[in-house]
Structures are given as C-alpha cells and as structure tokens.
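Participant:
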Amino acid sequence: MDFIKKCFWSNKNKDVFKNNKKNVAVHIRRSNPHDQGLAGERITTPDEYYLNIMNYIRNKYQGTELQFHIYSQGNQSDFDKYIQEDVAFHIDEDIDTSFICMVGADILVTSPSSLSYVAALISDGEIYFKRFWHMPRNNWIICG
39 MDFIKKCFWS
49 NKNKDVFKNN
59 KKNVAVHIRR
69 SNPHDQGLAG
79 ERITTPDEYY
89 LNIMNYIRNK
99 YQGTELQFHI
109 YSQGNQSDFD
119 KYIQEDVAFH
129 IDEDIDTSFI
139 CMVGADILVT
149 SPSSLSYVAA
159 LISDGEIYFK
169 RFWHMPRNNW
179 IICG
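Using this note's numbering, the letters of the sequence shown correspond one by one to residues 39 to 182.
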C-alpha cells in the first residue's frame, strides 16, 4: 500500500484543505443517475448513522478545531439535518476532487460504497468504516 499511496500523491498536494483544521470527510452514499436503480440498500443508511458518528468525533476531539466535509449527491435540501457551523457541503461536486479530498482528510467516515472504501485504503487518516461486502483493515474503527 505504501507504493500505491506514493504513486497517488506523486502529483498532488497532500494539504488538500489548506485550513489548519482537523478535516473530517463524510461520504454519504445516495442514489445517483449512474446507479440505474441498482444501488439497493447501500443508499439507505439513515442520516442519524452519520450524525451520530460526527457527534462522536466532536466529543472525541473536544478542543480541536474540526471541519466536516459532506460528500454526496442530491439536492442541498436533502442535507439540512447536517447544517452546523463546522460543516461544509460538497454536493454533486467533481468526483476526482471529492475522491482526493476523502483520501487527504485527517478522518474519513465511509459509506457502504467502493468509492469511499478505496479512499480509505489509500488514506493515512483515521477511518470510521460502515460495514458492507468489502472487508475492513485491522486499524479501522468499525461503526456498522
């Protein structure tokens, strides 16, 4: 994995957020036009699942300036539950940029998605893993 990580970052700046905060990427898998109705239960993880993890991280890192970044697809109004001062939304943004930011985050909260799973594999950050058909790495925090 070290070689793959080195190749991935070879032409990129690892400081993707440039804000001197502890950045938390939260990937919320929702339906998109490419699914063709086949995403199934992977898109049904309730908002409360992600909100609970975000609050856990807030409590764990009290005294640290956190910035949460929500990566997903849909309408901005679908994410009103997440609105807080420490949350930035990246809804329907460029997939390449979203992926790089998920990999570069200090903390990554995955969804049951191969996109955030692969980001977690090459991330050096703390990983909160939502269990699905891919197996977690030993150092990941299993959340469901």
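Glycine residues also receive a C-beta, built at the ideal position from the N, C-alpha and C atoms.
Relative to the C-alpha of tyrosine 33, which candidate in Asp144, Phe167, Ile145 has its C-alpha closest?
Facilitator: This structure gives no information on residue 33, because the portion of the chain shown stretches from 39 to 182.
Participant: For serine 161, list the residues DSSP reports as bridge partners.
Facilitator: The count along the sequence shown starts at 1 and reaches residue 161 at position 123. Paired residue(s): none; serine 161 is not in a bridge.
Participant: Can you tell which of Val125, Gly101, Ile160 has the C-alpha that lies nearest to the C-alpha of serine 48?
Facilitator: To locate residue 48, count along the sequence shown from 1; it is residue 10. Here the closest residue by C-alpha is Ile160.
Participant: Report yes if the C-beta distance between valine 62 and glutamine 114 is below 8 Å; otherwise report no.
Facilitator: Start at 1 with the first residue of the sequence shown, and residue 62 comes out as number 24. Start at 1 with the first residue of the sequence shown, and residue 114 comes out as number 76. No, the Cβ-Cβ distance between valine 62 and glutamine 114 is not below 8 Å.
Participant: Is the beta carbon of serine 151 sitting closer than 8 Å to the one on histidine 65?
Facilitator: For this step, residue 151 is matched to residue 113 along the sequence shown. For this step, residue 65 is matched to residue 27 along the sequence shown. Going by C-beta atoms, serine 151 is nearer than 8 Å to histidine 65.
Participant: Could you check which residue in Asp124, Thr135, Leu89, Arg67 has the C-alpha nearest to that of aspartate 54?
Facilitator: As a working mapping, residue 54 is identified with position 16 in the sequence shown. First, the residue type needs correcting, since residue 54 is valine and not aspartate in the sequence shown. When only C-alpha atoms are compared, the closest one is Thr135.
Participant: Does DSSP classify histidine 167 as helix, strand or coil?
Facilitator: Within the sequence shown, the letter at position 129 stands for residue 167. The sequence given here places phenylalanine at residue 167; histidine does not occur at that position. The answer is strand: DSSP assigns phenylalanine 167 an E or B state.
Participant: Less than 8 Å between the CB atoms is what I'm expecting for lysine 43 and aspartate 144, so what's the real figure, rounded?
Facilitator: By one-based count along the sequence shown, residue 43 stands at place 5. By one-based count along the sequence shown, residue 144 stands at place 106. Contact flag wrong, Cβ pair sits at about 15 Å.
Participant: Under 8 Å, Cβ to Cβ, is there at least one residue of chain C near isoleucine 129?
Facilitator: Here there is only one protein chain, and chain C is not present.
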